[in-house]
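>
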Amino acid sequence: MEQVTGRIREFNRYYTQRIGVLTDHYLGQRSLGEARLLYELSRDPDIRSVRIRLGLDSGYLSRLLRALERQDLVKLDRHPDDGRARVAVLTDAGRAAVSDLDTRSDESVTTLIDPLTPDQRQRLADAMDEVQRLLRIAAIQIQPIPAGSAVARSCLHAYAEELSHRFPEGYGPDDLLPASAFALFLVASDGVSPVGCVGIRPLSRDIAEIKHMWVSPSARRLGVGRRLLAALESHAVTLGFTELRLSTHEALPEAIALYQALGFAEIPAYGDDVHGQRFYALPLPR
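Each residue of the sequence shown is one higher than the last, beginning at 1015 in our numbering.
1) Would you kindly report the start and end of the unbroken beta strand (DSSP E) that includes HIS1289?
2) State the Cα-Cα distance for the pair ALA1268 and SER1261, rounded to the nearest angstrom.
3) Would you report the Cα separation of ALA1161 and ALA1081, rounded to the nearest angstrom?
4) Using a threshold of 8 angstroms, state whether the C-beta atoms of ILE1151 and LEU1236 are closer than that.
5) For LEU1087, which residues from the same chain have a beta carbon less than 8 angstroms from its beta carbon, with the 5 sequence-adjacent residues on both sides left out?
6) Tell me, please, whether the stretch 1249 to 1264 touches the stretch 1278 to 1293 by the rule of three or more beta-carbon pairs shorter than 8 angstroms.
7) For the ligand ADP, I want to know if ARG1235 counts as a neighbour, meaning its beta carbon is within less than 7 angstroms of at least one of the ligand's heavy atoms.
8) Just the C-alpha distance for ARG1023 and TYR1284, rounded to the nearest angstrom, thanks.
9) Output the residue ranges of the beta strand (DSSP E) runs that lie fully inside the stretch 1094 to 1166 and measure 3 residues or longer, sorted by chain position.
10) Within the same chain, show all residues whose beta-carbon is closer than 7 angstroms to that of VAL1165, passing over the 5 residues directly before and after it, in chain order.
11) Distance, Cα to Cα, LEU1115 vs GLY1034?
12) Provide the residue(s) that pair with SER1056 in DSSP beta bridges, ordered along the chain.
13) THR1256 and PRO1297 look like a contact to me (Cβ under 8 angstroms); what is the Cβ gap, rounded to whole Å?
14) Could you tell me whether the stretch 1131 to 1143 touches the stretch 1221 to 1238, where touching means 3 or more Cβ pairs closer than 8 angstroms?
15) Whether or not the stretch 1087 to 1102 and the stretch 1053 to 1061 are in contact is what I'm after, with contact meaning three or more pairs of Cβ atoms, one per stretch, closer than 8 angstroms; do they touch?
16) Less than 8 angstroms separating the beta-carbons of SER1178 and GLY1186?
17) Can you tell me which of ALA1295, SER1248, GLY1254 and LEU1253 puts its alpha carbon nearest to the alpha carbon of ILE1270?
18) How is GLU1264 classed by DSSP in three states: helix, strand or coil?
19) Check GLU1223 in the structure and name its three-state DSSP category.
20) In three-state DSSP terms, what is ILE1061?
21) Cβ atoms of ALA1153 and GLY1205: under 8 angstroms apart, would you say?
22) Can the beta-carbon of CYS1211 be found closer than 8 angstroms to that of PHE1196?
23) Would you give the residue range spanned by the alpha helix (DSSP H) that SER1203 belongs to?
24) What does DSSP give as the partner residues of VAL1212 in its beta bridges?
25) Note down the Cα distance separating VAL1018 from PHE1025, rounded to an integer number of angstroms.
26) Would VAL1229 and GLY1213 be called neighbours here (beta carbons separated by less than 8 angstroms)?
27) Quick check on this structure: which residue in ALA1279, LEU1170 and PRO1299 has the alpha carbon closest to the alpha carbon of ALA1250?
28) On the DSSP letters alone, give me the boundaries of the alpha helix (DSSP H) that TYR1185 sits inside.
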């Protein structure tokens, strides 16, 4: 672990120096913090969501916003849909500054990789994709939340929307369990937004059923499904259950493959799930 940590730190030192972020004026007249905040606000003016996305301290973010406001690059106002929240809308000068930053950034990257061959550039881009993928995996956290919360509802609605397109017979919000039916509901988050969920409902004192497992398309192939199920199993044991069951659909081959890989055994049909076509069970350690 120490060797890996040292290599990552060495790369960080080299890369930050190579792209020029150590200078007082990154890509022009502004600090890296101001430049990055301008870019993010051009995509989403909601201050709270930008703070979460960038992982910034509230005090530091306020100082950056005041600096941009003094330069007439942003205008602070109340959120149109939530009077308790604020937005930072780019002014004409702010939009021009973002356009200039985009141009300078493109030119900087072009200069950086110009000496490389086309094959080397592609290898570099592929390696950076892999770095981003692995670091995103490391950032994902799984925690229990109330099944009736806004975050849980957003996950469940996304789940229902996807199944409405994948199931030949269709699927809708009325097919979702009510929040009161869940003994546990877990959500996976990448630090910015939810990227997966799963819940269990009791079938008996000892048996619980896995329901409504969903992974966002943006987070697939990152191991989120495996981590959700591992966390679910651990919580189910703590709650006193000795067996997990589930029903699934032939239209979800990737889910079936995951359940089988994790040791779920196919069992006879049970229950009244109108969408259930394959049924599985997994004994839990006592």
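All C-beta atoms, glycine included, are put in the ideal place defined by N, C-alpha and C.
So, from the listed chains and residues:
1) Judged by DSSP secondary structure, HIS1289 falls outside any beta strand (DSSP E); it is assigned neither H nor E.
2) Going by the sequence as given, residue 1268 is Glu instead of Ala. If you take the alpha carbons of GLU1268 and SER1261, they lie about 14 angstroms apart.
3) Rounded to whole angstroms, the separation of the alpha carbons of ALA1081 and ALA1161 is 41 angstroms.
4) In this structure, LEU1236 lies closer than 8 angstroms to ILE1151 by Cβ.
5) Setting aside the 5 residues that flank it on each side, LEU1087 is surrounded in the same chain by LEU1052, LEU1104, THR1105, ALA1107, GLY1108 and ALA1111, each with a C-beta closer than 8 angstroms to its C-beta; the list follows chain order.
6) Three or more beta-carbon pairs drawn from the stretch 1249 to 1264 and the stretch 1278 to 1293 are found closer than 8 angstroms, and the two stretches are therefore classed as touching.
7) This structure simply doesn't include the ligand ADP, nor any ligand for that matter.
8) Taking the Cα positions, ARG1023 is about 54 angstroms away from TYR1284.
9) Runs of the beta strand (DSSP E) inside the stretch 1094 to 1166: 1096 to 1104 and 1155 to 1158.
10) Closer than 7 angstroms at Cβ, skipping near neighbours: ILE1159, VAL1201 and PRO1208.
11) Each residue's Cα considered, the two are about 14 angstroms apart.
12) According to DSSP, SER1056 bridges with nothing at all.
13) Under the criterion of beta carbons closer than 8 angstroms, THR1256 and PRO1297 qualify as touching, at roughly 7 angstroms.
14) No: the two stretches stay apart, fewer than three of their Cβ pairs being nearer than 8 angstroms.
15) Segments in contact, yes.
16) Pairing SER1178 with GLY1186 gives a Cβ-Cβ distance under 8 angstroms.
17) Out of ALA1295, SER1248, GLY1254 and LEU1253, ALA1295 has the C-alpha closest to the C-alpha of ILE1270.
18) When secondary structure is reduced to three states using DSSP, GLU1264 falls in the coil class, being assigned neither helix nor strand.
19) Of the three classes helix, strand and coil, the one that applies to GLU1223 here is strand, per DSSP.
20) Here ILE1061 sits in helix by DSSP.
21) Cβ distance < 8 angstroms, so GLY1205 and ALA1153 count as in contact.
22) Remark: C-beta atoms of CYS1211 and PHE1196 do not approach each other more closely than 8 angstroms.
23) Not the alpha helix (DSSP H): SER1203 falls in the beta strand (DSSP E), residues 1198 to 1203.
24) Its beta-bridge partners are LEU1200.
25) For VAL1018 and PHE1025, the distance between alpha carbons rounds to 11 angstroms.
26) Their beta carbons are not under 8 angstroms apart, which means VAL1229 does not touch GLY1213 by this criterion.
27) That would be PRO1299, whose Cα lies nearest to the Cα of ALA1250.
28) Segment: none, TYR1185 is in no alpha helix (DSSP H) and carries neither H nor E.
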